[in-house]
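Participant: Throughout, my numbering is defined as the position within the sequence shown, counted from one, plus 342.
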Amino acid sequence: VIGVDVNQVKVDLVNDGKAPVVEERIGELIAEVVDSGALRATRDVREAIMESEISLICVGTPSEPNGSLCTTYLERVTEEIGAALAERRGSGRRHTVVFRSTMLPGTCTNLLIPILEKYVGGTAGVDFGVAVNPEFLREGTSVRDFFDPPKTVVGELDPASGDAVLALYEGLPGEVFRVPVPTAEAIKYADNAFHGLKIGFANELGAVCQALGVDSHQVMDVFLADRKLNISPAYLRPGFAFGGSCLPKDLRSLVHAAQRADVSVPILSHVLPSNSAHLERAVELVERAGKRRVGLFGLSFKPGTDDLRESPLVELAERLFGKGYDLKIHDANVSLSRLLGANREYVETRLPHLAQLLADSV
């Protein structure tokens with residue numbers, strides 16, 4: 343293994359068998375592999391490329407002042423690797439370039455691969471391999487995370503590139519996912535965004551509980567014990583907006599209670615606006631289709647019920663009807679004659695023309 347870094351101090355530390363960072367077990371592992379001759383470091387990218395079969399790119403991708411992703415370091419190292427690979431052409435030895443840096447979907451395909459192909463003078467997936475292999479190591483526990491990973495994700499441009507990456511992790515536990523390159527890029531963002539969301543949600547709920555005199559840790563202990571709905575795949579597939587007689591009402595009351603207690607809950611207070619934005623996207627999808635006759639399959643807030651209260655489909659129907667669309671609705675569970683009480687009052691207020699819109703069959 344040849345480590346490459348622009349910082350000579352780090353290079354010297356590694357070559358002396360010392361860790362350039364503070365991390366559990368890293369020091370002893372570096373000392374062991376350097377002593378065995380299995381690891382050395384250099385500042386020379388060309389030297390490393392000439393003497394290796396696979397490159398793992400782990401440069402930083404910091405935020406620009408406006409929040410966008412800075413790809414300067416990625417572009418620079420890709421250019422250097424491409425120039426070195428150009429010298430290797432014709433050697434008969436395939437080299438695979440693997441990007442581990444966090445980058446937005448499309449960065450590899452639209453930015454980095456063209457750079458490599460320009461400098462190499464060849465075609466990615468033919469003259470050299472390309473893959474994206476996001477890392478899921480946490481600082482402070484990275485060695486443990488490496489040997490016991492939650493998953494291994496390889497975004498492969500071609501099967502040979504994926505095979506080269508997976509050979510590095512042979513024998514390690516955890517499920518392996520071989521996916522398209524942009525999917526691998528997106529998975530890292532899905533993970534990190536959700537982790538941030540989880541922490542923010544727990545902290546906001548904790549602040550509200552404290553203001554209301556409730557033991558937040560006890561609340562979360564019970565919350566976490568639910569592995570069917572809370573800590574599970576439930577509700578975590580992209581789909582349509584939520585509704586019904588519970589979720590919108592309870593979110594509003596919780597946010598209101600927080601506001602009365604002077605507790606800021608920006609995540610919780612933006613859940614309903616986010617839900618409304620998702621419904622608006624559905625309206626825009628219909629408008630972009632350019633058709634005036636629309637069939638709506640389902641009207642209740644979820645399958646298996648006739649509850650129409652705060653159903654996003656009722657609101658969607660209301661908006662489309664208001665925009666002059668020729669709308670027909672079919673829901674096997676919804677019969678106007680069987681709607682009672684608050685359920686009937688709600689739909690008569692929001693969609694008074696329901697009787698003429700309902701269709702008996704598909």
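From the three backbone atoms N, C-alpha and C, an ideal C-beta is built for every residue, glycine too.
All figures in this text were calculated on a predicted structure; none of them were measured in a lab.
#1: For Val353, collect the residues of the same chain with a Cβ closer than 7 Å to its Cβ; drop the 5 residues on either side in sequence, then sort them by chain order.
#2: Going straight from the alpha carbon of Arg435 to that of Gly424, what length do you get?
#3: What does DSSP give as the partner residue(s) for Leu411 in the beta ladder?
#4: Gly409 and His437 - do their beta-carbons sit closer together than 9 Å?
#5: Suppose you measure from the CA of Cys450 to the CA of Ser679; what does that come to, to the nearest Å?
#6: Within the same chain, show all residues whose beta-carbon is closer than 8 Å to that of Ser397, passing over the 5 residues directly before and after it, in chain order.
#7: Is the beta carbon of Asn617 sitting closer than 9 Å to the one on Pro654?
#8: Thinking C-beta only, is Val462 closer than 9 Å to Gly497?
#9: Looking only at its chain, what residues have a beta carbon closer than 7 Å to the beta carbon of Met562, apart from the 5 residues adjacent to it on each side?
#10: Using the DSSP secondary-structure output, state which residues sit across from Val636 in a beta bridge.
#11: Once the 5 residues before and after Ala599 are set aside, which same chain residues still bring their CB inside 6 Å of it?
#12: Expressed to the nearest angstrom, what Euclidean distance is found between the alpha-carbon atoms of Thr413 and Ile457?
#13: Determine the contact status of Asp487 and Ala553, defining contact as a CB-CB distance below 9 Å.
#14: Identify whether Phe584 lies in helix, strand or coil by the three-state DSSP scheme.
#15: Put Ser653 into one of helix, strand or coil per three-state DSSP.
#16: Just the C-alpha distance for Thr647 and Asn675, rounded to the nearest angstrom, thanks.
#17: Within a Cβ cutoff of 7 Å, which residues of the same chain sit near Glu459, ignoring the five residues on either side of it in sequence?
#18: Can you give me the Cβ contacts of Ala380 inside the same chain, cut-off strictly under 7 Å, excluding the 5 residues immediately before and after it?
#19: Taking 8 Å as the limit between beta carbons, can you name the residues of its chain near Val613, skipping five residues before and five after?
#20: Can you grab the Cα-Cα spacing for the pair Val636 / Thr691, in whole Å?
#21: Specify, as a first and last residue, the run of the alpha helix (DSSP H) that Leu453 falls within.
#22: Using DSSP bridges, identify the partner residues of Glu498.
#23: Per DSSP, Ala383 forms a beta bridge with which residues?
#24: When we look at the beta-carbon of Gly504 and count the other beta-carbons within 10 Å, is it buried (16 or more) or exposed?
#25: Out of Arg418, Val495, Arg602, Ser611, state which residue places its alpha-carbon closest to the alpha-carbon of Tyr531.
#26: Could you tell me whether the Cβ atoms of Ala576 and His620 are closer together than 9 Å?
#27: Please work out which residues of its chain come closer than 8 Å, Cβ to Cβ, to Ser642, disregarding the five sequence neighbours upstream and downstream, and give them in chain order.
#28: Should Phe489 be labelled buried (16 or more other beta-carbon atoms within 10 Å of its own) or exposed?
#29: Beta-carbon of Thr494 versus every beta-carbon of chain D: anything under 9 Å?
#30: Less than 9 Å between the C-beta atoms of Asp377 and Gly359, yes or no?
#31: Indicate the three-state DSSP secondary structure (helix, strand or coil) for Lys540 in the structure shown.
#32: Would you kindly check if the distance between the Cβ of Cys400 and the Cβ of Asp477 is under 9 Å?
Facilitator: This is what the structure holds:
#1: Asp347, Ala383, Thr384, Arg385
#2: 15 Å
#3: Ser405
#4: no
#5: 57 Å
#6: Ala390, Ile391, Ile423, His437, Thr438, Val439, Val440
#7: yes
#8: no
#9: Ala544
#10: Leu669
#11: none
#12: 12 Å
#13: no
#14: coil
#15: coil
#16: 6 Å
#17: Thr465, Ala466
#18: Val343
#19: Leu593
#20: 22 Å
#21: Where Leu453 is concerned, there is no enclosing alpha helix (DSSP H), given that its DSSP letter is neither H nor E.
#22: Ala473
#23: Gly345
#24: buried
#25: Val495
#26: no
#27: Asp648, Asp649, Leu650, Ser653, Leu655, Asp673, Asn675, Val676
#28: exposed
#29: Protein chain content of the structure displayed is limited to a single chain, and chain D is not contained in it.
#30: yes
#31: helix
#32: It is worth fixing the name first, because residue 477 is Glu in this sequence and not Asp. In contact: Glu477 and Cys400 (Cβ atoms closer than 9 Å).
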